[in-house]
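Counting from 1 along the sequence shown, just add 17 to a position and that's the residue number in the working numbering.
Glycine included, every Cβ here is placed at the ideal spot set by N, Cα and C.
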Amino acid sequence: MSTTTAPTYYRDQSAWRDLQEFLPARLRLDEDTAPEEEFWEWRGHRVHLDRYRDPAAKAKVVLHHGVGTNGRQMSLVLGAPLARRGFETVALDNLGYGLTQVEAGTTPSYDDWVDLVVDFLAFEQSRDDRPIVLYGLSAGGMLTYHVAAKAPRGTLRGIVGMTFLDQRDQQVRDETAHDRLTARMGGPLMGLLARTPAASMKYPMSLASKMSALVNDPAALKVLMKDRTSAANWVAIRFLDRYMNYAPAVEPADFDACPVLLTQPAEDRWTPLHLSLPFLSRITEVPVETVMLDNAGHYPLEEPGLQQMQDAIADFVTRYTA
Numbered sequence: 018m019s020t021t022t023a024p025t026y027y028r029d030q031s032a033w034r035d036l037q038e039f040l041p042a043r044l045r046l047d048e049d050t051a052p053e054e055e056f057w058e059w060r061g062h063r064v065h066l067d068r069y070r071d072p073a074a075k076a077k078v079v080l081h082h083g084v085g086t087n088g089r090q091m092s093l094v095l096g097a098p099l100a101r102r103g104f105e106t107v108a109l110d111n112l113g114y115g116l117t118q119v120e121a122g123t124t125p126s127y128d129d130w131v132d133l134v135v136d137f138l139a140f141e142q143s144r145d146d147r148p149i150v151l152y153g154l155s156a157g158g159m160l161t162y163h164v165a166a167k168a169p170r171g172t173l174r175g176i177v178g179m180t181f182l183d184q185r186d187q188q189v190r191d192e193t194a195h196d197r198l199t200a201r202m203g204g205p206l207m208g209l210l211a212r213t214p215a216a217s218m219k220y221p222m223s224l225a226s227k228m229s230a231l232v233n234d235p236a237a238l239k240v241l242m243k244d245r246t247s248a249a250n251w252v253a254i255r256f257l258d259r260y261m262n263y264a265p266a267v268e269p270a271d272f273d274a275c276p277v278l279l280t281q282p283a284e285d286r287w288t289p290l291h292l293s294l295p296f297l298s299r300i301t302e303v304p305v306e307t308v309m310l311d312n313a314g315h316y317p318l319e320e321p322g323l324q325q326m327q328d329a330i331a332d333f334v335t336r337y338t339a
């Protein structure tokens with residue numbers, strides 16, 4: 018019986034190549050335009066990075082996926098196009114996603130996700146002093162806030178999120194979970210199990226969340242739902258419990274670390290605008306901007322939303338890193 022070994026590098030993986038066929042031709046990568054791949058060691062884990070290195074760039078944009086995507090999918094829609102505009106970009110695969118190699122015998126939690134990014138930003142700043150903006154898609158949007166709230170002051174010049182979802186809010190859980198029963202009973206059940214040896218058991222994100230709304234193209238969704246490094250991933254109960262209950266180091270009413278940009282897909286069937294507004298409306302100490310992406314789904318494949326997103330983020334980074 019033969020066994021299939023997971024690839025170490027995206028250059029040896031077909032899932033992202035299949036997905037990019039649903040993107041506009043201008044965003045498709047080949048061997049000459051794909052990012053450099055490298056690994057960063059963190060607490061025994063090997064964190065995969067997609068990097069477009071540019072020593073002449075005046076600013077860096079660090080890209081973070083959500084709970085149904087990975088770093089290469091961030092490189093497709095943002096990393097490569099922003100690099101072409103003169104920014105250095107790096108997309109990371111957080112623990113349990115993409116091609117990051119988690120240390121054997123460990124069960125990372127959402128807290129580890131936040132700490133990993135905080136430490137990665139410090140690592141980047143130890144290499145040079147260029148200003149950094151952090152972007153997050155889907156659940157990664159709220160992660161950008163959690164990181165900015167915890168990182169040392171001055172770490173980030175801005176954060177950009179494709180939704181800012183506070184999972185402590187019951188309405189957010191009701192509308193983003195797989196179904197109402199999961200939304201109401203899943204949290205308490207995960208909380209109980211997380212305090213037992215069952216904490217390390219894994220659960221498919223497609224049953225925990227509304228993964229069916231990740232993209233609006235049914236054929237693209239089929240490709241994503243076959244990819245265990247993104248939409249078809251399973252995560253530990255411990256991770257889900259902390260993800261739903263994580264409390265930021267600074268609540269929004271007191272947040273003054275950096276400006277905030279929401280790039281909201283107008284045709285998002287998973288996390289529409291009204292789910293981000295309650296949280297963002299409480300941030301009053303720094304500028305908060307919203308840009309709607311026309312015709313775009315949750316993970317955007319569509320124009321003109323993709324172009325609008327790239328334009329808005331390039332403008333935001335330029336203004337706040339000058």
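Among all the DSSP beta bridges, which residues are the ones paired with K219?
-> For K219, which the question treats as bridged, DSSP gives the partners A253.
Helix, strand or coil: how does DSSP classify M326 here?
-> Three-state DSSP puts M326 in a helix.
Determine, using beta-carbon pairs with one atom in the stretch 22-31 and one in the stretch 109-123, whether at least three such pairs fall under 8 Å.
-> yes
Sort V164, A215 and E58 by Cα distance to I149 and report the nearest one.
-> V164
Nonlocal neighbours in the same chain, by C-beta distance under 7 Å from Y310, ignoring five residues either side = Reading off the sequence, residue 310 comes out as Leu, not Tyr. Only T280, Q281, P282, A283, P317, G322, Q325 and M326 meet the Cβ criterion.
Short check: CB of A225 to CB of V252, under 9 Å?
-> yes
For E192, the first and last residue of its enclosing alpha helix (DSSP H) | Q187 to T193
Using a Cβ-Cβ cut-off of 8 Å (strictly less than) and excluding sequence neighbours within five positions of Q37, which residues of its own chain qualify?
-> L44, R45, L46 and L93
Write down the C-beta distance between V107 and D67 rounded to the nearest angstrom, noting that I regard them as a contact closer than 8 Å.
-> 7 Å
Quick one: give me the first and last residue of the beta strand (DSSP E) that E54 is part of.
-> E53 to W59
Residues of its chain near D244, where Cβ-Cβ distance is below 7 Å and the 5 sequence neighbours each way are ignored = Answer for D244: A32, listed in chain order.
How is the beta strand (DSSP E) around E105 delimited, first residue to last?
-> E105 to L109
Determine the contact status of V177 and G203, defining contact as a CB-CB distance below 9 Å.
-> Result no, Cβ atoms of V177 and G203 do not sit closer than 9 Å.
Do you know offhand how far S126's Cα is from R63's?
-> 16 Å
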